[in-house]
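A short write-up of the structure that comes next.
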Amino acid sequence: MTKTSNPAVRRYLARFFPAMIAYVVVLSGSLWLIESHSPQGVLLWILGAAPAIPIIAVIAVMGLYLAEETDEFLRLVLVQSMLWGIGFTLAAGTVWGFLENVGLVPHFPLYLIFPVFCGAFGLAQPLVRRRYQ
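Residues in the sequence shown are numbered from 1 upward in steps of one, following my numbering.
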């Protein structure tokens, strides 16, 4: 996803960055409102869940890129990297959950699952590309 002359990549970046900016703004704003105004009830539910909306948008943006990319090699690398990222995230989450269940590790905040996936997905991309060189 580094070729900016690629129209699918340009659309991806044009969608991705606004979604991430929205995430930072919504997360910061909701945390500030929760800490400064101590909302209750429905408003607390809304503010608590609001940062997930831009993350869901990022997931949709990734799916759109996958659907719009016409270069079969880039799409193959993306799909395989995503599978490695998903596999790592699921395996690590499962092992951590069992260890947490018996008190060997601290609680892992679930909102960090997507960043873990993104890290694994990002690390997998050069390794997957390297397989085809």
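No residue lacks a Cβ here, since even glycine has one placed at the ideal position from N, Cα and C.
Considering only the beta carbon of each residue, do residue i and residue j sit closer than 7 Å?
{"i": "V61", "j": "A19", "result": "yes"}
{"i": "Q40", "j": "S81", "result": "no"}
{"i": "R129", "j": "V79", "result": "no"}
{"i": "P51", "j": "S38", "result": "no"}
{"i": "R75", "j": "E68", "result": "no"}
Tell me the DSSP secondary structure of residue i in three-state form.
{"i": "Y132", "result": "coil"}
{"i": "N6", "result": "coil"}
{"i": "A52", "result": "helix"}
{"i": "F88", "result": "helix"}
{"i": "Q125", "result": "helix"}
{"i": "F108", "result": "coil"}
Once the 5 residues before and after residue i are set aside, which same chain residues still bring their CB inside 6 Å of it?
{"i": "A22", "result": "P54"}
When we look at the beta-carbon of residue i and count the other beta-carbons within 10 Å, is it buried (16 or more) or exposed?
{"i": "F121", "result": "buried"}
{"i": "Y12", "result": "buried"}
{"i": "P106", "result": "exposed"}
{"i": "P7", "result": "exposed"}
{"i": "F117", "result": "buried"}
{"i": "E72", "result": "exposed"}
So residue i and residue j are supposed to be a Cβ contact under 8 Å. How far apart are they, rounded?
{"i": "L27", "j": "L47", "result": "The pair is not a contact, with the Cβ atoms about 10 Å apart (cut-off 8 Å)."}
{"i": "E100", "j": "F108", "result": "7 Å"}
{"i": "I162", "j": "G93", "result": "As shown, the chain starts at 1 and ends at 133. That puts residue 162 outside it, with no answer to give."}
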